[in-house]
Amino acid sequence: GFIDGDLSKIQYGGANVSGFQIVDFDDPLVSKFDQRWEALEEKEYPGA
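Here our numbering = 1-based position in the sequence shown + 71.
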């Protein structure tokens, strides 16, 4: 798995992929959050 790999090359400044590993997109709460996030007005919430 990912944890078993050699992390020395990304230890100091590599891509942060931990957020993708801890989010369960099948969870109804996460799905609802994602739907609300997509519905945000970008002019009011830049980057949303």
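Yeah, the Cβ is synthetic: ideal placement off N, Cα and C, and Gly gets one too.
- The alpha-carbon separation between residue 116 and residue 77 amounts to approximately 38 Å.
- CA-CA distance, residue 98 to residue 110, rounds to 19 Å.
- One alpha carbon belongs to residue 106, the other to residue 96, and they sit about 11 Å apart.
- Look at residue 111 here: in three-state DSSP terms it is coil, with no helix or strand label.
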